[in-house]
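Engineer:
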Amino acid sequence: MIDSTLYVEDDAERKQPTMVKWAVDALSGDNQLTKGLKANEAILFDPEHDGVSDELTLVEEQTVRSMERSAGRPLRDLLEKIIIESEERGRRILRGTCSLENPNERVPRVSVYLIMDHMPDGRGLGDAIATSLARLVGSPWNSRSDRIHDLQRFREMIEDGLDAVAYEDSEFLRAVVEGESEHWDVSELHHLVHDREFWERDDLTVEMLREHPDRIPEGSKRPAALETALWNSERGWTDDEILDLIDELWSPKTPSTRKGYLEAISYEPEEVDLISMVDEKVGEVVSSVEDDDRFHEEKAYDELGTYCPPAEIESWKVAGLSGDPETMLRRVDRATVVTEEEAKQAISFLESKFESDPNWSLVEEAQEEFSKKMMQLRVNIRDEF
1 MIDSTLYVED DAERKQPTMV KWAVDALSGD NQLTKGLKAN EAILFDPEHD GVSDELTLVE
61 EQTVRSMERS AGRPLRDLLE KIIIESEERG RRILRGTCSL ENPNERVPRV SVYLIMDHMP
121 DGRGLGDAIA TSLARLVGSP WNSRSDRIHD LQRFREMIED GLDAVAYEDS EFLRAVVEGE
181 SEHWDVSELH HLVHDREFWE RDDLTVEMLR EHPDRIPEGS KRPAALETAL WNSERGWTDD
241 EILDLIDELW SPKTPSTRKG YLEAISYEPE EVDLISMVDE KVGEVVSSVE DDDRFHEEKA
301 YDELGTYCPP AEIESWKVAG LSGDPETMLR RVDRATVVTE EEAKQAISFL ESKFESDPNW
361 SLVEEAQEEF SKKMMQLRVN IRDEF
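Each residue of the sequence shown is one higher than the one before, starting from 1 at the first, in our numbering.
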């Protein structure tokens, strides 16, 4: 139950709202705080009453903003959802612990001293207090100061890891760490603190970053993770490529942020493997081609030769089919790629082919020269499915 507030009853105004018995009993339950101070704290605790605030409200807003910066994503709605959805649980608790008969009966003219600057406008003041009481009691917290303390520790978890924070005394933090609670939906918060390990993994790859860019919050964690992924890459990366990758992953809002990420990375490969640069682009085409339904059709592949004039086949110099099926289209003619500029031209060529018909055009162009190996590829893929 409510165990603290910021106020004493100076300047409080006597009111006599109608209220259900379980709310009256909850406000009267002990002598630590008066009915009015408990009602005041409950209203300020409830996010539905965002039109009322005090000094502690500002402290909590700063705490939430700081936590969101550390997490790299908005969290306010998740926290407010926990409170709002705690209402029914709180009502059950308060009805079950009520010392008065018929807990749901309404009591007229309940005398309570309230700080009216912190009360919502309009009629139904007693019902508003009861609802806020239920949300507070059903939530993981006993007061706003309790909630602020937990959110501060939660931010430390995000930044420094689970071991940096003592959390056994907190229902909220225990639920977040364990990822399970019969009372509150903390699944997203659970993933947030456990995903901290993601950006510290020694086996991070560029592809992993592409699959989960949102799992790395803003700040120093991004260049650190990117540096690990670059060193784990099978090929070297130029500065221009790294900047393009930064844009692809996180779309920095300002050029200075983009440049700052690059400058924060300690990465100087001995040499840039130009062939691998082209091979990686070809690999994107490979994945798309292998997923095409036409690999599973019964017709002979030499029929596809009609789709591609011989002249175009002769002009195909960058990549072709060789070796086992898993390396389809990965052979690069080394004679045509000896400088970085030629590598860029080769990649540009592949991109234009990939964008014009990402599922099939490359296979069709290579068909006449490599029909036998394509037939074997078809057999192998059919066997896999």
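Note that the Cβ used here is the ideal one computed from N, Cα and C, for glycine as well.
It should be emphasised that the depicted structure is a prediction, and the values quoted were computed from it without experimental measurement.
Looking only at DSSP bridge pairs, what is Glu13 linked to?
Structural biologist: Stepping through the sequence shown from its first residue, residue 13 is reached at position 13. DSSP output for Glu13 lists Leu114 as bridge partner(s).
Engineer: Between Ser187 and the rest of its own chain, which residues show a CB-CB distance below 8 angstroms, the 5 nearest in sequence each way excluded?
Structural biologist: Taking the sequence shown and counting its residues from 1, the one referred to as residue 187 is at position 187. Only Gly179 meet the Cβ criterion.
Engineer: Rank Ser251, Arg89 and Glu13 by C-alpha distance to the C-alpha of Met116 and give the top, closest one.
Structural biologist: As a first step, residue 116 is located in the sequence shown; it is residue number 116 there, counting from the start. That would be Glu13, whose Cα lies nearest to the Cα of Met116.
Engineer: Quick check on this structure: which residue in Arg210, Ser53 and Glu80 has the alpha carbon closest to the alpha carbon of Leu230?
Structural biologist: Here residue 230 corresponds to residue number 230 of the sequence shown, with the count starting at 1. Taking only the C-alpha atoms, the option nearest Leu230 is Arg210.
Engineer: Per DSSP, which one or two residues make a beta bridge with Arg106?
Structural biologist: Position 106 of the sequence shown holds residue 106. Paired residues: Val20.
Engineer: Under the rule that 16 or more other beta-carbon atoms within 10 Å means buried, what is Ala166, buried or exposed?
Structural biologist: As a working mapping, residue 166 is identified with position 166 in the sequence shown. Classification of Ala166: exposed, given that the 10 Å Cβ count is below 16.
Engineer: For Gly36, which three-state DSSP category applies?
Structural biologist: As a first step, residue 36 must be located in the sequence shown, where it is residue number 36. DSSP places Gly36 in helix when its eight states are reduced to three.
Engineer: I need the straight-line Cα distance from Ile43 to Asp247, nearest angstrom please.
Structural biologist: On the sequence shown, position 43 is the one that residue 43 refers to. On the sequence shown, position 247 is the one that residue 247 refers to. Using only the alpha carbons, I get a separation of about 44 angstroms.
Engineer: With distance defined between alpha-carbon atoms, name the residue in Asn142, Ser139, Ser170 and Arg144 nearest to Phe154.
Structural biologist: The residue you call residue 154 lines up with position 154 of the sequence shown. It is Ser170 whose Cα lies nearest to the Cα of Phe154.
Engineer: By alpha-carbon positions, which one of Val112, Phe198, Ile93 and Ser111 ends up nearest to Pro103?
Structural biologist: Here residue 103 is taken as the residue at index 103 of the sequence shown, counted from 1. Residue Ile93 is the option with its Cα nearest to Pro103.
Engineer: Nearest-angstrom Cα distance between His212 and Asp150?
Structural biologist: Residue mapping note: residue 212 aligns to position 212 of the sequence shown, counting from 1. Residue mapping note: residue 150 aligns to position 150 of the sequence shown, counting from 1. Distance between the alpha carbons of His212 and Asp150 is about 28 angstroms.
Engineer: Leaving out five residues on either side along the sequence, give the residues of the same chain with a beta carbon under 6 angstroms from the beta carbon of Ser86.
Structural biologist: By 1-based counting over the sequence shown, the position of residue 86 is 86. Excluding sequence neighbours, Ser86 sits near Arg135, Gly138 and Ser139.
Engineer: Could you check where the alpha helix (DSSP H) with Tyr261 kicks off and where it finishes?
Structural biologist: As a first step, residue 261 must be located in the sequence shown, where it is residue number 261. Where Tyr261 is concerned, the enclosing alpha helix (DSSP H) stretches over Pro255 to Ala264.
Engineer: Run through DSSP, which three-state label would Thr131 get?
Structural biologist: The residue given as residue 131 occupies position 131 in the sequence shown. Thr131: helix per DSSP, three-state reduction.
Engineer: CB-CB under 8 angstroms to Ala130, same chain, minus the five flanking residues each way: which ones, in chain order?
Structural biologist: Here residue 130 is taken as the residue at index 130 of the sequence shown, counted from 1. If we look at Ala130 and ignore the five residues flanking it on each side, its Cβ neighbours are Met19, Val20, Trp22 and Ala23.
Engineer: Under the rule that 16 or more other beta-carbon atoms within 10 Å means buried, what is Ser143, buried or exposed?
Structural biologist: Residue mapping note: residue 143 aligns to position 143 of the sequence shown, counting from 1. Burial call: buried.
Engineer: Only counting the same chain, and skipping five residues up and downstream in sequence, which positions put a Cβ closer than 7 angstroms to that of Glu227?
Structural biologist: Residue mapping note: residue 227 aligns to position 227 of the sequence shown, counting from 1. Here the set comprises Ile265, Ser266 and Tyr267.
Engineer: Write down the C-beta distance between Trp199 and Ala225 rounded to the nearest angstrom, noting that I regard them as a contact closer than 8 angstroms.
Structural biologist: Translated into positions along the sequence shown, residue 199 becomes position 199. Translated into positions along the sequence shown, residue 225 becomes position 225. At roughly 4 angstroms, the Cβ-Cβ gap stays under 8 angstroms, so Trp199 and Ala225 are in contact.
Engineer: Using C-beta distances below 6 angstroms, list every residue in its chain close to Asn232, excluding the 5 sequence neighbours before and after it, in chain order.
Structural biologist: Along the sequence shown, one-based indexing puts residue 232 at 232. Within the same chain, Asn232 has close Cβ partners Thr205.
Engineer: Under 7 angstroms Cβ to Cβ from Pro108, same chain only, skipping five residues before and after it: list those, please.
Structural biologist: Start at 1 with the first residue of the sequence shown, and residue 108 comes out as number 108. Contacts found: Thr18.
Engineer: Where do the ends of the alpha helix (DSSP H) carrying Ile93 lie?
Structural biologist: Here residue 93 refers to the residue found at position 93 of the sequence shown. Per DSSP, Ile93 belongs to the alpha helix (DSSP H) from Glu87 to Thr97.
Engineer: Apply the 10 Å Cβ neighbour rule to Glu207 and answer buried if 16 or more other Cβ atoms are within range, or exposed otherwise.
Structural biologist: Within the sequence shown, residue 207 is the residue found at index 207, counting from 1. By the neighbour-count rule (16 or more Cβ atoms within 10 Å), Glu207 is not buried but exposed.
Engineer: Within 10 Å of its beta-carbon, does His191 have 16 or more other beta-carbons around it, so buried, or fewer, so exposed?
Structural biologist: Residue 191 sits at position 191 when you count from the first residue of the sequence shown. Exposed, by the Cβ-count rule.
Engineer: For the ligand FAD, is there a heavy atom less than 7 angstroms away from the beta-carbon of Pro217?
Structural biologist: As presented, the structure is devoid of all ligands, the ligand FAD included, so that no description of it is given.
Engineer: Which residues in the same chain have their Cβ closer than 6 angstroms to the Cβ of Leu58, if we skip the five residues on either side of it in sequence?
Structural biologist: Counted from its first residue, the sequence shown places residue 58 at position 58. Contacts found: none.
Engineer: Which of the three DSSP states, helix, strand or coil, is assigned to Val59?
Structural biologist: If you number the sequence shown from 1, residue 59 lands on position 59. If DSSP states are grouped into helix, strand and coil, Val59 belongs with the helices.
Engineer: Give the single residue among Tyr261, Leu56, Arg123 and Leu79 whose Cα lies nearest to the Cα of Lys221.
Structural biologist: Your numbering for residue 221 matches position 221 in the sequence shown. For Lys221, the nearest C-alpha among the options comes from Tyr261.
Engineer: Can the beta-carbon of Leu36 be found less than 8 angstroms from the beta-carbon of Leu133?
Structural biologist: For the purposes of this step, residue 36 is taken as residue 36 along the sequence shown, with counting starting at 1. For the purposes of this step, residue 133 is taken as residue 133 along the sequence shown, with counting starting at 1. Residue identity differs from the one stated: residue 36 is Gly in this sequence, not Leu. Not in contact: Gly36 and Leu133 (Cβ atoms no closer than 8 angstroms).
Engineer: Using only the alpha-carbon positions, how far apart do Pro120 and Val193 sit?
Structural biologist: Looking up residue 120 in the sequence shown gives position 120. Looking up residue 193 in the sequence shown gives position 193. Cα to Cα, the separation comes out at about 36 angstroms.
Engineer: Grouping DSSP H, G and I as helix and E and B as strand, with all else coil, what is Gly138?
Structural biologist: In the sequence shown, the residue the question calls residue 138 occupies position 138. Reduced to three states, the DSSP call for Gly138 is helix.
Engineer: Considering only residues of the same chain and omitting the five flanking positions on each side of Ala39, which have a CB-CB separation below 7 angstroms?
Structural biologist: Taking the sequence shown and counting its residues from 1, the one referred to as residue 39 is at position 39. Answer for Ala39: Leu27, Val112, Leu114 and Ile129, listed in chain order.
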